[in-house]
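See structure below.
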Amino acid sequence: MDSESMHGVVAVIQPFMLEPVVDALRLVPNFPGMSVSEVRGFGRRCAHAPHRGERTEVEPFEEKLRIEIYCRDAELKAIVDTIRRRHIQGTRATERSSSALSPGSSVFGPARRDPRSSSAATQTTTPMADSASLAPLSFWRSPAVRRVLAGGLLLAGGLALEQLGFGHAWVVPLYLASILLSGADWGRHGWEELVHCREVGIEALMAAAAVGAAALGLWDEAAALVFLYGLAESVEHLTYDRAKRAIERLLDLVPAQASVLRDGTETIVEAARLQRGDRIRVRPGESIPTDGVVEEGSSAVDESSLTGEPIPIEKKPGERLFAGTLNRTGSLVFRATAAADENSVSRLVKLVETAQKSKGRSQQLVERFTNIYSPLVLGAAVLLLLVPIATGASFSVWARYAVVLLVAAAPCALAMSTPVAFAAGMSAAGRHGILIKGGRYLEVLGRVRTVAFDKTGTLTRGRPELVVVEPAEGMTAWELLWKATSIEALSEHPLAEAVLRAAKAKGVEASRAVSEFRALPGAGVEGIVDGERVQILQPDAGGAPFGGLGHRLEELAGTGITPAIVVAGGRLLGILGFRDEPRPEAAAALRRLRAAGVTRLVVLSGDRPLVAQNVAQAVGIDEARGGLRPEDKVKAVQSLSLESGPLAMVGDGINDAPALAAADVGIAMGALGSDASIEAADVALMADSLEHLDEAFLIGRRVRSIVRQNVVFSIVVLAVLIPVALSGVISITMTVVAHEAAELLAVANGLRALKGGRHHNPIAEAT
Numbered sequence: 014m015d016s017e018s019m020h021g022v023v024a025v026i027q028p029f030m031l032e033p034v035v036d037a038l039r040l041v042p043n044f045p046g047m048s049v050s051e052v053r054g055f056g057r058r059c060a061h062a063p064h065r066g067e068r069t070e071v072e073p074f075e076e077k078l079r080i081e082i083y084c085r086d087a088e089l090k091a092i093v094d095t096i097r098r099r100h101i102q103g104t105r106a107t108e109r110s111s112s113a114l115s116p117g118s119s120v121f122g123p124a125r126r127d128p129r130s131s132s133a134a135t136q137t138t139t140p141m142a143d144s145a146s147l148a149p150l151s152f153w154r155s156p157a158v159r160r161v162l163a164g165g166l167l168l169a170g171g172l173a174l175e176q177l178g179f180g181h182a183w184v185v186p187l188y189l190a191s192i193l194l195s196g197a198d199w200g201r202h203g204w205e206e207l208v209h210c211r212e213v214g215i216e217a218l219m220a221a222a223a224v225g226a227a228a229l230g231l232w233d234e235a236a237a238l239v240f241l242y243g244l245a246e247s248v249e250h251l252t253y254d255r256a257k258r259a260i261e262r263l264l265d266l267v268p269a270q271a272s273v274l275r276d277g278t279e280t281i282v283e284a285a286r287l288q289r290g291d292r293i294r295v296r297p298g299e300s301i302p303t304d305g306v307v308e309e310g311s312s313a314v315d316e317s318s319l320t321g322e323p324i325p326i327e328k329k330p331g332e333r334l335f336a337g338t339l340n341r342t343g344s345l346v347f348r349a350t351a352a353a354d355e356n357s358v359s360r361l362v363k364l365v366e367t368a369q370k371s372k373g374r375s376q377q378l379v380e381r382f383t384n385i386y387s388p389l390v391l392g393a394a395v396l397l398l399l400v401p402i403a404t405g406a407s408f409s410v411w412a413r414y415a416v417v418l419l420v421a422a423a424p425c426a427l428a429m430s431t432p433v434a435f436a437a438g439m440s441a442a443g444r445h446g447i448l449i450k451g452g453r454y455l456e457v458l459g460r461v462r463t464v465a466f467d468k469t470g471t472l473t474r475g476r477p478e479l480v481v482v483e484p485a486e487g488m489t490a491w492e493l494l495w496k497a498t499s500i501e502a503l504s505e506h507p508l509a510e511a512v513l514r515a516a517k518a519k520g521v522e523a524s525r526a527v528s529e530f531r532a533l534p535g536a537g538v539e540g541i542v543d544g545e546r547v548q549i550l551q552p553d554a555g556g557a558p559f560g561g562l563g564h565r566l567e568e569l570a571g572t573g574i575t576p577a578i579v580v581a582g583g584r585l586l587g588i589l590g591f592r593d594e595p596r597p598e599a600a601a602a603l604r605r606l607r608a609a610g611v612t613r614l615v616v617l618s619g620d621r622p623l624v625a626q627n628v629a630q631a632v633g634i635d636e637a638r639g640g641l642r643p644e645d646k647v648k649a650v651q652s653l654s655l656e657s658g659p660l661a662m663v664g665d666g667i668n669d670a671p672a673l674a675a676a677d678v679g680i681a682m683g684a685l686g687s688d689a690s691i692e693a694a695d696v697a698l699m700a701d702s703l704e705h706l707d708e709a710f711l712i713g714r715r716v717r718s719i720v721r722q723n724v725v726f727s728i729v730v731l732a733v734l735i736p737v738a739l740s741g742v743i744s745i746t747m748t749v750v751a752h753e754a755a756e757l758l759a760v761a762n763g764l765r766a767l768k769g770g771r772h773h774n775p776i777a778e779a780t
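First residue of the sequence shown: 14, per this note's numbering; consecutive thereafter.
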């Protein structure tokens, strides 16, 4: 959709904004051929229009404009008919009581095959259902780009005729046509921003410079200025598209079709039409079309596209599956637990797109500066025009100075110094299974030097394992484990599960001759095994016999192991020791974290101080604090932040929610499939692993470095270009070339953030 049709729609929509609120229409047009600044300007125009009950939300990083309009049924039909006549692409997401159209029908044509857009066409029960734009036109098919290129050809023709000796009567019309074509889009936007929004933007400065150059008779300079700026805007549009749409490549992982089992028959349906409860078959080599739970079969599933973990995960009945992951070995039948627009891939993409709208502090500062700076530049140019009036100097000379100032001082590179880097950084993180919920947190990650960790489930596996089986004299390890297994087979305690896992690994089967099993509150469990009463007790249970192993119990407790004793007939049979083992990747991950610039690592645990210290030492952390209640963790986080500056807290996202909220950046692990974890944290690691933790910090540092480079570079360019251009050393055309080259360099530098951190997954390399 080009700019003309878009503004035509505004003229039609505005009269309905004053009507009583009886119905709502949400439009999500897309803007191929419109630059980011044009989209922003259009949104401002909508927002400044007089209206009642209307809300406009501009999403330039997604090329979306979301408009909510309240109107009567007949008015809704008039708007829809106008949109159809203008051939604008979009999706109606909500219709509360309209008789103009059938509920749930698409009013702007069929949506693309996209899990995110299916809700608009199929779901009408959600009052504010999300909607998505259709696929944009390719860069070269964009009407705005074609106009700029046509203007460039006319400019080249004019220059060629001028070199051949043709007079102004021949070349000026070509230059004028070039200006009108190349500046049609951004020039109109600058005018509307000035008139409707009372704002002086970069486009207004460049348009004023072009008009001034033409008024001075410098038609070639004016045409070159307009063409080069229009070309730079088009390239900016292309690079923005690359930065903001990199995360959407994850949607390509979801297959277009799925094999659904209905009434015993396998039917091929569009993946976008999948609903909860559908039974779906996935064969080896096929991608999972939506989230679900395995009902039949077993297979290894590659989840690296979402989590970054390269090792396939074994899936069997009862295990969860996630959209976009790859079935490797066996055939699976699973029941869908999410519709197409609700699956893991769709949610991840939506969350990243939402996060891209959240600006970092540096981006906000740059925008505030340019909003003040641009009017000052225009004012300075006007003052230069007043000099010859006051002094009698040559007007043409000072007018040329004013034109040069408008071109050289326009803060294009500065305005582009931050948004591309932030958008690219969050896209790169999302493609590595790291969700960063806004530019603010991405920026803070680049400054963090202290990281605190919860212990259980974060540095450790989160489940105890049986690590010690020590029989007393006269017993064997096998016999001790057999008696314990026979009792624990009837228990649901987490330690019982550890005993059963160890027994299974060693081939020990529980006795079936167990009776009178019961739990001993605060002490342990007991039961009769083959006619003998066997008890598994805590060492501090009253009357528990230690035999000659009392010192051994103390040794085990000193190493962070939780001991239990097995007793039969009043005699000690042996000791069992349990420990929540450190994650196998923890030590290496923390070494990489230090290499990424983190200087202080701390364990904050509710477990015994000795246990916390032992786990910390096992993974290479020197500082540990144990015995902390949730409120104590919050105080510890606040204290550490005061001592060491910005602090990140890593936890499971649920039990550690208060501490995560107290930290400058809260990081939750294992967020894939857990909306609660994502909600609780500022940064969410999709994988239940520390493997990619350093990536988040590396990406944050990369983005912070790029932003600083761009800001410094942009300021230096302004400081050098303004005096050089005003001195007359370079022409207006060369000033424009230098100006736009600086802008494109800032954009290109920002795109480096797409590379991510340490790892480069195939999706990243394809962008």
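We treat Cβ as the ideally placed atom computed from N, Cα and C, and that holds for glycine.
Tell me the rounded alpha-carbon separation between residue i and residue j.
i: aspartate 625; j: valine 464; result: Per the sequence shown, residue 625 should be read as alanine rather than aspartate. Roughly 16 Å between the two C-alpha positions.
i: alanine 570; j: alanine 497; result: 20 Å
i: methionine 747; j: valine 362; result: 42 Å
i: valine 161; j: leucine 757; result: 17 Å
i: proline 576; j: glutamate 567; result: 9 Å
i: histidine 20; j: leucine 174; result: The predicted model places histidine 20 with a pLDDT of 39, which falls under 50 and marks its position as unreliable; any figure quoted below should be read in that light. Distance between the alpha carbons of histidine 20 and leucine 174 is about 36 Å.
i: alanine 223; j: asparagine 762; result: 28 Å
i: serine 375; j: arginine 201; result: 29 Å
i: threonine 404; j: alanine 732; result: 27 Å
i: arginine 525; j: isoleucine 541; result: 11 Å
i: leucine 396; j: valine 185; result: 29 Å
i: proline 552; j: isoleucine 578; result: 6 Å
i: alanine 755; j: proline 595; result: 50 Å
i: lysine 768; j: glycine 438; result: 8 Å
i: valine 271; j: alanine 509; result: The question names valine, yet the displayed sequence has alanine at residue 271. Approximately 41 Å, taken between the alpha carbons.
Residue i lies in the alpha helix (DSSP H); which residues open and close that run?
i: lysine 496; result: 490-501
i: valine 716; result: 706-739
i: glycine 343; result: Segment: none, glycine 343 is in no alpha helix (DSSP H) and carries neither H nor E.
i: valine 650; result: 643-657
DSSP on residue i, reduced to helix/strand/coil?
i: lysine 450; result: coil
i: aspartate 315; result: strand
i: glycine 590; result: strand
i: glycine 679; result: strand
i: glycine 664; result: strand
i: serine 407; result: coil
i: isoleucine 745; result: helix
i: arginine 333; result: strand
i: threonine 431; result: coil
i: serine 702; result: coil
i: alanine 766; result: helix
i: glutamate 478; result: strand
i: valine 580; result: strand
i: leucine 177; result: coil
i: alanine 353; result: helix
i: alanine 532; result: strand
i: leucine 623; result: helix
i: alanine 523; result: coil
i: alanine 697; result: strand
Which whole-angstrom value is the C-beta distance of residue i and residue j, which I expect to be below 8 Å?
i: valine 8; j: lysine 450; result: What the structure shows of the chain is the stretch from 14 to 780, and residue 8 is not part of that stretch, so it cannot be assessed.
i: valine 512; j: glutamine 548; result: That pair is no contact at about 14 Å.
i: threonine 303; j: asparagine 356; result: 4 Å
i: asparagine 340; j: glutamate 299; result: 5 Å
i: valine 527; j: tryptophan 491; result: The pair is not a contact, with the Cβ atoms about 18 Å apart (cut-off 8 Å).
i: leucine 168; j: alanine 245; result: Their Cβ separation, rounded to whole angstroms, is 15 Å, which puts leucine 168 and alanine 245 out of contact at 8 Å.
Over what stretch of residues does the beta strand (DSSP E) that includes residue i continue unbroken?
i: threonine 303; result: Segment: none, threonine 303 is in no beta strand (DSSP E) and carries neither H nor E.
i: arginine 275; result: 270-275
i: valine 464; result: 463-467
i: leucine 604; result: What sits at residue 604 in the sequence shown is arginine, not leucine. Arginine 604 -> not in any beta strand (DSSP E); alpha helix (DSSP H) instead, spanning 599-608.
i: alanine 637; result: 636-638
Three or more C-beta pairs below 8 Å linking the segment 633-645 and the segment 443-463: no
Inter-stretch contact (C-beta, 8 Å, three-pair minimum) for the segment 478-485 and the segment 451-462: no
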